[in-house]
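See structure below.
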Amino acid sequence: MSHPSGTPGNITHPLPSYLDPQHLGPWGIYLQQVDRVTPYLGSLARWVETLKRPKRALIVDVPIEMDDGTIAHFEGYRVQHNLSRGPGKGGVRFHQDVTLSEVMALSAWMSIKNAAVNVPYGGAKGGIRVDPKKLSRAELERLTRRYTSEIGLLIGPTKDIPAPDVNTNGQIMAWMMDTYSMNVGATATGVVTGKPVDLGGSLGRVEATGRGVFTVGCEAAERIGMQIAGARVAVQGFGNVGGTAGRLFADAGAKVVAVQDHTGSIYNARGLDAAALQAHVQQTGGVAGFAGAEAMANGDFWGVDCDILIPAALEGQLTQDNAGKVKARMVIEGANGPTTPEADDILNDKGVLVLPDVIANAGGVTVSYFEWVQDFSSFFWTEDEINARLVRIMKEAFAAVWQVAQENKVSLRTATFIVACKRILHAREMRGLYP
Ligand code: GLU
């Protein structure tokens, strides 16, 4: 029998066009990342095709009545990429540019991330193509509730557990939890994570992603002989992830010298007051106009003189057009998918150490896991316990990835994929195919 393409032993059918790796959207980038790891999977490579197809993808129409009485329709998605290791897990994003390809890629990165830190979940993600800043609070609530009802087919505390992502927060999780609970006739706190603490949320969850970014950053810095005290840090996106990470680095003696977000870019060579900037962003919605720094041209941000660069906004930010300018020794991906494969290669060739999203920003889902466990047992932990467990998981996961990277002489991204894909495909192999 001949095998014209694909893994020996598999019969490979042509991929549907939306899965075509030539269309390099986020999903195409993810497929390239899987291709890079396949030679390291040994006999498990037989199962690799499983990672290249989402298990389920649901597209839903979300109609709502606007405050002015008109009816508006939005497109929503929930994708379960892989459920071999446990229920689906991953956030919900509200953004005007959300597409199915993007949600598919984000769901796949959740599978990798969850396996990399060894929490017992598969990967999933959801989103609505909407600019939530254009909706009133009442419209946002109606949108969230209708979307939750529509994806009610897929979600549930033991099936698939959403969480916050870009432009979603604790209030939106509270509405999702309530809607699901009303539909099933019982309060089900464990159906979403990232809830307010008074509704079964976990202490430490809001800061967890930024804390994880800081933790792996310190671990990597130690290994390359970089001092955090005095290190210059540039951050793109100063919301939940970038703001917390920036503040933790500043608390540890680093200097946050440049920050960029959708409102502009700011610079202060002496290091800006990260806590004051967080407060400014919360009040005004962005970094522009912050009194403790000068405005800087957006185009100058990537080439800024710094030691640590933290993209913590959206995907596709570090590209072949700007990666060559990067002066940092280390990039820590707070966002999901901020670096294109071309930029990844440019940074690697320059000797810039890239700490990939699938390990660097896994602190959020790690504390989501703690929240889910606390909800199931109805027994809540202290913030110190949560942070200590988070730091331990992040350090152990990072150490394992670092070792695989050294042994195989590969990037940390490929090393994380090796660790994660082996866990997922081993589970797949042990479970077998049914029916
Ligand atoms: N949206 C976050 C992420 O991309 C958190 C997901 C979760 O907690 O389930 O990792």
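Note that the sequence shown covers residues 1012 to 1446 in the numbering used here. Positions of the beta carbon are idealized from the N, C-alpha and C atoms, including for glycine.
Taken through DSSP and simplified to helix, strand or coil, F1225 comes out as helix. When secondary structure is reduced to three states using DSSP, L1069 falls in the strand class. In the same chain as A1242, and ignoring 5 residues on each side of it, the C-beta atoms closer than 6 Å to its own belong to A1265, D1318, I1319, in chain order. For T1155, the CB stays at least 7 Å from every heavy atom of ligand 1. Sorting W1058, V1227, P1349 by C-alpha distance to the C-alpha of A1438 places W1058 at the top. Inclusion of V1227 and L1117 in the CB contact set at 8 Å is not warranted, their separation being larger than that value. Within the same chain, I1172, G1201, T1204 come within 7 Å of W1383 by CB-CB distance, once the 5 residues on both sides are set aside. Q1043 carries a helical assignment under DSSP once its states are collapsed to helix, strand and coil. Here A1306 really is in contact with G1275; their C-beta atoms are around 6 Å apart, less than 8 Å.
At least 8 Å separates the beta-carbon of S1147 from that of G1036. By the criterion of a C-beta distance shorter than 6 Å, G1099 is surrounded in its chain by Q1091, G1133, A1135, D1171, once the five residues flanking it on both sides are discounted. If you draw a straight line from the Cα of T1255 to the Cα of I1321, it comes to about 12 Å. Distances from the CA of D1078 to each of A1149, P1175, Q1044 were compared; the closest alpha carbon is that of A1149. Judged by their CB atoms, V1369 and T1427 are nearer to each other than the 8 Å cut-off.
Closest in C-alpha terms to G1257, from the list N1398, D1356, V1402, G1221, comes G1221. In terms of Cβ geometry, A1185 and K1206 form a close pair [threshold 8 Å]. In this structure L1042 does not touch C1432 by the C-beta definition: roughly 13 Å separates them, more than the 8 Å allowed. For Y1191, the enclosing alpha helix (DSSP H) begins and ends at 1181 to 1195.
Counting C-beta pairs with one atom in each stretch, the region 1122 to 1130 and the region 1149 to 1167 have fewer than three that are closer than 8 Å, which means they do not touch.
The DSSP assignment places 1111 to 1127 as complete runs of the alpha helix (DSSP H) inside the region 1077 to 1153, in order along the chain (cut-off: 4 residues). Distance from the C-beta of N1251 to the nearest heavy atom of ligand 1 is not below 7 Å. Residue nearest to K1063 within the set V1048, G1248, I1075 is V1048 (criterion: CA-CA distance).
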